[in-house]
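Undergrad: Encoded as structure tokens, here's the structure I'll be asking about.
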Ligand SMILES: Nc1ncnc2c1ncn2[C@@H]1O[C@H](COP(=O)(O)OP(=O)(O)O)[C@@H](O)[C@H]1O
Ligand SMILES: [Mg+2]
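In the numbering used here, the protein residues as written are 555 to 843.
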């Protein structure tokens with residue numbers, strides 16, 4: 555916490571947190587260096603897999619924080635009228651903006667107005683903090699960020715407990731993935747970064763590329779990145795986007811659906827990194843920044 559907040563702010567946050575119920579919500583930010591690598595598709599389908607896990611279904615909220623071009627709603631075929639911006643302005647309650655999808659996950663839309671988050675008024679901050687209590691029911695909050703090294707992306711990533719960097723095997727995507735990891739590390743050394751290789755031709759390619767990224771990060775950034783798995787390049791992903799139905803729903807037995815399920819299972823079985831505060835702490839860190 556001290557890496558991000560000054561002592562006064564940290565004290566303020568602790569007081570604020572003291573009044574909030576603790577939650578065990580796991581907050582996972584999904585990011586990438588380069589755009590168009592499949593973050594949003596992955597975020598949504600991962601959320602659906604976690605929500606529908608046979609032995610232990612989870613309560614999952616997917617939050618679209620791609621503030622420029624909020625686009626998960628397109629993948630869902632639904633355009634929520636209200637989003638977190640309206641909650642911040644006090645015009646809506648959180649319960650009024652949460653969209654219950656047909657796929658077992660709840661969805662919160664982002665908005666371009668939200669980019670001014672850094673300059674929000676005290677009252678607006680309080681509106682958001684109050685609203686957060688309403689989603690402490692979630693086991694997982696999956697945050698789909700935009701690509702690249704904007705301050706918003708870095709704020710989300712450093713405030714989340716876990717970050718999944720998505721890349722494809724393309725050389726430019728790999729260098730940009732390295733770039734975002736490096737940028738995040740200059741802001742905070744207390745981050746937990748995992749890697750997903752998307753659009754691979756085969757398992758051998760995935761293993762070769764992820765090994766290389768993990769080695770370079772270990773050598774030059776002195777950080778241990780965990781390999782979460784890969785997703786095949788498959789035209790059914792684009793088809794699902796066109797039909798506005800998530801692919802794990804449309805083709806549950808497909809290779810890509812099995813890949814995402816496998817990743818979801820790995821995440822579930824992993825030890826949970828430092829667990830105090832959950833969503834409230836996340837928003838506290840994010841807003842105080
Ligand atoms: N595994 C995949 N196989 C084939 N196409 C994919 C795959 N993942 C993503 N895509 C394509 O890439 C496009 C961009 O994906 P999207 O999730 O919107 O990326 P991002 O959120 O990173 O910008 C999708 O519309 C889809 O057509
Ligand atoms: Mg996206």
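Where is the CB? At the ideal position from N, CA and C, for every residue including glycine.
1) Starting from residue 701, follow the alpha helix (DSSP H) in both directions and report where the run begins and ends.
2) The beta strand (DSSP E) with residue 721 in it runs from where to where?
3) From the DSSP output, read off the bridge partner residues of residue 654.
4) Express the C-alpha separation of residue 682 and residue 835 in angstroms, rounding to a whole number.
5) Please classify residue 557 as buried or exposed, where buried requires at least 16 other C-beta atoms within 10 Å of its C-beta.
6) Over the uninterrupted alpha helix (DSSP H) stretch that includes residue 736, give me the two end residues.
7) Would you check whether ligand 1 has a heavy atom nearer than 7 Å to the C-beta of residue 707?
8) Are residue 747 and residue 777 touching if we call contact CB-CB under 8 Å?
9) Going by CA-CA distance only, name the one from 806, 594, 578 that's closest to residue 718.
10) Buried or exposed for residue 575, going by 16 or more other Cβ atoms inside 10 Å?
11) Please classify residue 818: does DSSP put it in a helix, a strand, or coil?
12) Please list the segments of the alpha helix (DSSP H) lying wholly inside the region 767-811, counting only runs of 4 or more residues, in order along the chain.
13) Measuring CA to CA, which of 819, 592, 580 is closest to residue 699?
TA: On the basis of the supplied data:
1) Premise fails: residue 701 is in no alpha helix (DSSP H) and is neither H nor E.
2) 716-721
3) 660
4) 12 Å
5) In this prediction, residue 557 scores a pLDDT of 34, lower than 50, which makes its location untrustworthy; the coordinate-derived value is nonetheless stated afterwards. Residue 557 is exposed by the Cβ-count criterion.
6) 725-741
7) no
8) yes
9) 594
10) In this prediction, residue 575 scores a pLDDT of 49, lower than 50, which makes its location untrustworthy; the coordinate-derived value is nonetheless stated afterwards. Residue 575 should be labelled exposed.
11) helix
12) 789-797, 801-804
13) 592
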